[in-house]
Amino acid sequence: MSVTAQTNVWISGTGLFTPSESITNEELVDSFNEYVRRHNETHAEAIAEGSTEALTESSPEFILKASGIQRRHVVEREGILDPDFMTPRLEARSDEDPSVLCEMGLAAAEEALEQAGKSARDVDCVIVACSNLERPYPAISVEIQSRLGAPGFAYDMNVACSSATFGLQAGVSALQSGAASGVLVVSPEVCTGHLNFRDRDSHFIFGDAATAVFVERSDEPPHPGSYLVLGTRLVTQFSNNIRNNFGFLNRATPETVGSRDKLFVQEGRKVFKEVVPLVVQLISEHLDELELAPEDLKRLWLHQANSNMNELIARRLLGDAATPDRVPTILDTYANTSSAGSVIAFHLHRDDIAPGERGILCSFGAGYSAGSVVVQRAAETD
Ligand code: CO8
37 MSVTAQTNVW
47 ISGTGLFTPS
57 ESITNEELVD
67 SFNEYVRRHN
77 ETHAEAIAEG
87 STEALTESSP
97 EFILKASGIQ
107 RRHVVEREGI
117 LDPDFMTPRL
127 EARSDEDPSV
137 LCEMGLAAAE
147 EALEQAGKSA
157 RDVDCVIVAC
167 SNLERPYPAI
177 SVEIQSRLGA
187 PGFAYDMNVA
197 CSSATFGLQA
207 GVSALQSGAA
217 SGVLVVSPEV
227 CTGHLNFRDR
237 DSHFIFGDAA
247 TAVFVERSDE
257 PPHPGSYLVL
267 GTRLVTQFSN
277 NIRNNFGFLN
287 RATPETVGSR
297 DKLFVQEGRK
307 VFKEVVPLVV
317 QLISEHLDEL
327 ELAPEDLKRL
337 WLHQANSNMN
347 ELIARRLLGD
357 AATPDRVPTI
367 LDTYANTSSA
377 GSVIAFHLHR
387 DDIAPGERGI
397 LCSFGAGYSA
407 GSVVVQRAAE
417 TD
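For the sequence shown, the working numbering gives the first residue as 37, with consecutive numbering after it.
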């Protein structure tokens, strides 16, 4: 499904919240390997008998080579690095305090509004679009709306790693239909809360961050740094290769509570193989529809899951012209922040785009789901 902009809709501000704490690959692997040593020592007899398998250590060299990740920002590092706990440890909050996602999202939202030169009065729709919501209700978006003091309406949505681009499409549609005049799409991601730090295959993949994008309707560019949305396009295709079975029905089958599938699990190789062609097809079809060619894109702000995956996507689209500056990487320092990834790349790597030049935000992940948003920097004469 795609929407080609008929009314001018602009991205006029973006914001990023980065947690102050971070973990290097070496620190993460030290903690994981200590867990492995303890596990193998405790189960030495069963391992010797062959009734239990010994766990294998992780390595920082593998992580960097397989993913491009060097470190990740996290909401809380001590709990993650404690081999007895291996989960972020957060203090309980009262219902009167802002929730964790609200606090992170609010920080990003305030920066996006400041960049756009707008206040909360200019926002009449808040969409929280992210992979895992802290609670079912009340919606985090309504909490953010209330704390900002914005009128209008708000709702939460989840399309895993593609949440932000799906949220942008919803925002653009609301602006074009007249349902809203200023939309904040907020993506707070505490990926470490649903990552199994005891799983060697995936313990290194994710980090935490929050982003916000302000979109508005206007005949003229709101300011010279604004980006006109030329079109959005979405696609989904069911797959069990990335899955998390945590949910409210777990308590109805208590014998399954706490099992491995109640956190993030994936078949990483299959995801790599199947998602690359899906994304290349999505971008190619979207560009065709807009009568553009890959060469017309100055920058590809891609989802940040794996640097090898992004290189391959870029090479299939651009050939030898797929240089690192054209396809920026932020996952070396942020790791995979799910829906926030492509927006972080856009937030940090767009100042050198010249007036009138174009680029694409593209996300992809569980579902499978993929979304693209083609944008053009305001021309000088606009
Ligand atoms: N240390 C050392 N060696 C290791 C480790 C490790 N930690 N892990 C695996 N190995 C070994 C394996 O045992 C294997 O050894 P052998 O060859 O002897 O069998 C070898 O390394 C190769 O293993 P893999 O085939 O698994 O390694 P890959 O090269 O495929 O790399 C990746 C693994 C990095 C996971 C890669 O497959 C990948 O990035 N795939 C794409 C994944 C992707 O894009 N997923 C999207 C998920 S994000 C999303 O949709 C959002 C979900 C919601 C957010 C969830 C938040 C928690």
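The C-beta atom is built at its ideal place from N, Cα and C for all residues, glycine as well.
Since the structure is predicted, the reported quantities are computational estimates derived from the model, not experimental observations.
Is residue j closer than 9 Å to residue i when the C-beta atoms are compared?
i	j	result
A190	V221	no
R125	D133	no
I278	A371	no
V265	V45	yes
L333	G395	yes
D160	V219	yes
T54	F250	no
D192	A175	yes
S238	Q181	no
L137	V164	yes
L299	L231	yes
If you count every other CB in all the chains shown that lies within 10 Å of the CB of residue i, and 16 or more means buried, which is it?
i	result
Q412	buried
L397	buried
S56	exposed
L52	buried
R253	buried
S155	exposed
H259	exposed
S48	buried
G243	buried
Y173	exposed
S130	exposed
R287	exposed
P187	exposed
V410	buried
Within its chain, find whatever has a CB closer than 6 Å to the CB of residue i; leave out the 5 residues flanking it on each side and keep chain order.
i	result
V271	L318, A406
V315	I349, F400, A406
V195	F202, S405
G141	I180, V222, P224, A246
H322	R269, S408
Quick check on residue i: does DSSP put it in helix, strand or coil?
i	result
L91	coil
C166	coil
H383	helix
H75	helix
A102	helix
I278	strand
E127	coil
D418	Low per-residue confidence applies at D418: pLDDT is 45, beneath 50, and the placement is therefore not dependable, though the value from the model is reported in the following sentence. Three-state result, D418: coil.
T50	strand
Q302	strand
P258	coil
K154	coil
Y370	helix
S198	coil
I396	strand
H339	coil
P290	helix
G401	strand
Q317	helix
G185	coil
R352	helix
Considering only C-alpha positions, which residue in the set the options is nearest to residue i?
i	options	result
S375	F400, L353, E321	F400
F98	N342, N194, Q151, A357	N342
R386	Y263, K309, V293	Y263
M345	G207, E310, E325	E310
S223	V312, A245, G267, G261	A245
N280	P290, T365, S295, K306	S295
D158	V164, E150, A381	E150
A143	R183, V178, R113	R183
E112	K101, L328, V226	V226
G86	N76, R362, S94	N76
L204	R269, S177, G185	R269
D235	L91, E416, D66	L91
E274	V164, V293, V307	Sequence inspection shows Phe at residue 274; the Glu mentioned does not correspond to that position. The shortest Cα separation from F274 among V164, V293, V307 belongs to V307.
V72	L64, E93, A84, E63	E93
Can you list, in chain order, the residues of its chain with a C-beta nearer than 7 Å to that of residue i? Leave out the 5 residues immediately preceding and following it.
i	result
I116	I59, V110, M122, T123, P124, T228, F233
R107	S58, I59, T60, N61, T369
H79	T88
V363	L336, L338, N346, A350
A415	P391, G392
Keeping to the same chain, check which residues put their C-beta closer than 8 Å to that of residue i; ignore five residues upstream and five downstream.
i	result
C197	S167, H339, A341, N372, S374, S375, G377, S399, F400, G401, A402, S405
R32	Not covered by the structure: residue 32. The range shown for the chain is 37 to 418.
E81	none
I380	L52, A245, T247, Q340, I366, Y370, T373
Comparing the CB of residue i with every heavy atom of the ligand FMN, is any distance shorter than 8 Å?
i	result
G304	Ligands present in the displayed structure are limited to the ligand CO8, and the ligand FMN is not among them.
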